[in-house]
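Student: If you read the sequences in order, they're chains A and B.
Just so you know, we're using our numbering here: the first sequence kicks off at 1405 and counts up by one.
Just so you know, we're using our numbering here: the second sequence kicks off at 162 and counts up by one.
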Amino acid sequence: MLIFKEDIVLSGYTCIVPSLGVGNVSQLSTDLIISTLKLKQIASGFHEALIPMFGPSAFQHEPKASTHAMNAYIDKEKKLLVFQIRSPLVGKHTKDFLTKFVDFLKKSQIAKVVILGSCFSFEKHDMESSPFEFVSNEQFDKIAETKIDLVKNTNDEPVFGDGWGQRFLKICTASELPAVRFYKYSAEGDNTLDAAMLALEVNKFVPIFDSKGPNLVRPDSWKLLFGNDAIKSMY
Amino acid sequence: MGCPFFGEINEPNSRAFWDDFDENESVNTVSFSWEYINKNAIENQEIEELLLIEGESISNVVDGILMKPSDFELFAVLNPSQALKMYKNANKLICVYNRRDILDSGSILNEVMQFLNIPKVITISIHSKAQYKTENLREIEESFTILKGLNSEVDYAKELKCPNFIVGLSGGVISWRQANNMRTHTYVVYVDGSLDRMTSKTLTKLFSDIGYKIEVLSDKFRSSSYLYM
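(1) For ASP238 of chain B, which beta-bridge partners are listed by DSSP?
(2) Using the DSSP secondary-structure output, state which residues sit across from HIS1497 of chain A in a beta bridge.
(3) Suppose the cutoff is 8 Å on Cβ atoms and the five residues either side in sequence are ignored; what does the same chain contact list for MET274 of chain B look like?
(4) Near LEU1424 of chain A, which residues of its chain fall below 6 Å by C-beta distance, leaving aside the five closest residues on each side in sequence?
(5) Could one say the Cβ of GLN339 of chain B lies closer than 7 Å to chain A's Cβ atoms, at least one of them?
(6) When Cβ atoms are compared, which residues of the stretch 1430-1441 of chain A fall closer than 7 Å to chain B?
(7) Near PHE1564 of chain A, what residues of its chain come up, given a Cβ to Cβ distance below 7 Å and the 5 sequence neighbours on each side ignored?
(8) Is the CB of GLY332 of chain B under 7 Å away from at least one CB in chain A?
(9) Between GLN292 of chain B and LEU1629 of chain A, what straight-line distance do the alpha-carbon atoms span, to the nearest angstrom?
(10) Give the straight-line distance between the Cα atoms of LYS322 of chain B and ASN1541 of chain A, rounded to the nearest whole angstrom.
(11) Taking only three categories from DSSP, how would you classify MET1601 of chain A?
(12) Determine which residues share a DSSP beta bridge with ILE371 of chain B and list them.
(13) For GLY1521 of chain A, decide whether its Cβ has a neighbour in chain B, counting only Cβ atoms nearer than 7 Å.
(14) Closer than 9 Å by beta-carbon distance: list the chain A residues that pair up with LYS319 of chain B, in chain order.
(15) Looking only at DSSP bridge pairs, what is THR284 of chain B linked to?
(16) Is DSSP giving CYS323 of chain B helix, strand or coil here?
(17) Please look up how many angstroms separate the CB atoms of LEU330 of chain B and VAL350 of chain B, rounded, as I've assumed it's under 8 Å.
(18) List, in chain order, every chain B residue whose beta-carbon is nearer than 7 Å to that of GLY1452 of chain A.
(19) Nearest to VAL352 of chain B by CA position, among B:SER369, B:ILE335, B:LEU239, B:LEU308, is which residue?
(20) With DSSP run on the structure shown, which of helix, strand or coil describes LEU1573 of chain A?
(21) Can you tell me whether THR1434 of chain A is buried or exposed? The criterion is at least 16 other CB atoms within 10 Å of its CB, across all chains shown.
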């Protein structure tokens, strides 16, 4: 499933995984984490559930790297393993993909899994409260260093628009892998701000960056996020 | 997105979801399998080069401008519906993939992987010009077709730059070979609409310059215009 560029021991690492949700907030957020921390690409993923893709480097700090449907990045000092999944998952193969993915994380003795996500903003009825919510499993609660000061949901309540995050957490729980899922209520549009907010919110409870307010670096792949400018001959 | 009935709640969709699939519903999943017309054609043979050509209705075009039946032998097809055909000519393989449902690309890549461990692989994929992203709008305005490449062997195929990427079987082939430290020569042809006599000139020149003999056998281009009968 994963082809590594080098042998690496991932025991004790914190793993960040984006689940595909509304506005691709979690993927954009993951882009910001990789770009800001200048993480090193170490693996590419292949599975029938992933729509294959290839492109030039998505990040300015790794100009010679290339972009695949699924990539893994690490920071050895911080013991941080970040997956970027750029493809939507093909429905009929999703279960197999998620099961194999969790098996890999379990075998690698990952310390905890942080799942990023987003859900439909029209599902948010209490407009006064935080746009962020979280769900964690018992295994995570036992090892959590910081109390998470957000509304805690149960993983049984459906979260509409959060793709496969909920299922991924269930598989992690069944495999006794400590996991927490953060998601932001978002609406489709320019979701770059949602992405930055999600990364900074998660950083409050699971240390990712060196400070609480890092200067987030916008990656090269965010150029022309909404397509080309209109050509003049149109007018 | 409309609400045809009064009071109907029509939930907005998201660009994040492509595949509306319910695991609880039983569905007939498509499984791909090879049908070998002549397996001996490649057994115990040293294959040196694979050319993958991918696009919508591409096989008609390739048949028309490249395939001379006596030169290229069809040795395998990927079923169902012969979406992918493999031809052999001396020590070269040509794989022609009529792109249909992009969601099948991962499964088809799995089937094609057995042919990817060869010294030289070239991919050519045809995409819509609307997918090409650039800050230089002149590039889009001034030409019918845009040719881009990665590890290109021809100087007129300029490098494909971020944020562009190649999606589909070709993307998978390059991705898999790169992850296994193998180089792939890649060309992407962005065309306005479908390939026709004008837009295919770039493609025929490219075929010729990378060592494939061009012989226009028949006119198989689809007419995409309704202006004339």
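For every residue, glycine included, the Cβ atom is placed at its ideal position computed from N, Cα and C.
Tutor: Let's see:
(1) To locate residue 238 of chain B, count along the second sequence from 1; it is residue 77. Note that residue 238 of chain B is Val in the sequence shown here, rather than Asp. B:GLU196, B:LYS246, per the DSSP bridge assignment.
(2) Here residue 1497 of chain A is taken as the residue at index 93 of the first sequence, counted from 1. None, per the DSSP bridge assignment.
(3) For this step, residue 274 of chain B is matched to residue 113 along the second sequence. Cβ contact annotation for MET274 of chain B (same chain, cutoff 8 Å, sequence separation greater than five): TRP337, in chain order.
(4) As a position in the first sequence, residue 1424 of chain A is number 20, starting the count at 1. Contacts found: PRO1492, GLY1567.
(5) For the purposes of this step, residue 339 of chain B is taken as residue 178 along the second sequence, with counting starting at 1. Output row for GLN339 of chain B: interface = yes.
(6) Result list empty, no residue passes.
(7) Indexing the first sequence from 1 puts residue 1564 of chain A at position 160. Excluding sequence neighbours, PHE1564 of chain A sits near CYS1523, PHE1524, GLU1527.
(8) Reading the second sequence from its first residue, position 171 is the one you call residue 332 of chain B. So, interface residue.
(9) Numbered from its first residue, the second sequence carries residue 292 of chain B at position 131. Numbered from its first residue, the first sequence carries residue 1629 of chain A at position 225. Distance between the alpha carbons of GLN292 of chain B and LEU1629 of chain A: 12 Å.
(10) For this step, residue 322 of chain B is matched to residue 161 along the second sequence. For this step, residue 1541 of chain A is matched to residue 137 along the first sequence. Rounded to whole angstroms, LYS322 of chain B to ASN1541 of chain A spans 42 Å at the Cα level.
(11) As a first step, residue 1601 of chain A must be located in the first sequence, where it is residue number 197. DSSP places MET1601 of chain A in the helix class (H, G or I) of the three-state scheme.
(12) Counting from one through the second sequence, the residue named residue 371 of chain B turns up at place 210. Beta-bridge pairing links ILE371 of chain B to no other residue.
(13) Here residue 1521 of chain A refers to the residue found at position 117 when the first sequence is read from its first residue. By this cut-off, GLY1521 of chain A is not an interface position.
(14) By one-based count along the second sequence, residue 319 of chain B stands at place 158. Those do not exist, as LYS319 of chain B stays about 12 Å from chain A at its closest Cβ, beyond 9 Å.
(15) Counting from one through the second sequence, the residue named residue 284 of chain B turns up at place 123. According to DSSP, THR284 of chain B shares a beta bridge with B:LEU213, B:THR347.
(16) Within the second sequence, the letter at position 162 stands for residue 323 of chain B. DSSP places CYS323 of chain B in coil when its eight states are reduced to three.
(17) In the second sequence, the residue the question calls residue 330 of chain B occupies position 169. In the second sequence, the residue the question calls residue 350 of chain B occupies position 189. The beta-carbon separation of LEU330 of chain B and VAL350 of chain B, rounded to 15 Å, does not stay under the 8 Å limit for a contact.
(18) By one-based count along the first sequence, residue 1452 of chain A stands at place 48. The sequence as given places Glu at residue 1452 of chain A; Gly does not occur at that position. Residues of chain B whose Cβ lies closer than 7 Å to the Cβ of GLU1452 of chain A are, in chain order, GLY267, SER268, ASN271.
(19) Translated into positions along the second sequence, residue 352 of chain B becomes position 191. Closest option to VAL352 of chain B, judged by alpha-carbon separation, among B:SER369, B:ILE335, B:LEU239, B:LEU308: B:LEU308.
(20) Counting from one through the first sequence, the residue named residue 1573 of chain A turns up at place 169. Under the three-state reduction of DSSP output, LEU1573 of chain A falls in the helix class.
(21) Locating residue 1434 of chain A in the first sequence gives position 30, counting from the first residue. Within a 10 Å sphere around the beta-carbon of THR1434 of chain A sit 16 or more other beta-carbons, which makes this residue buried.
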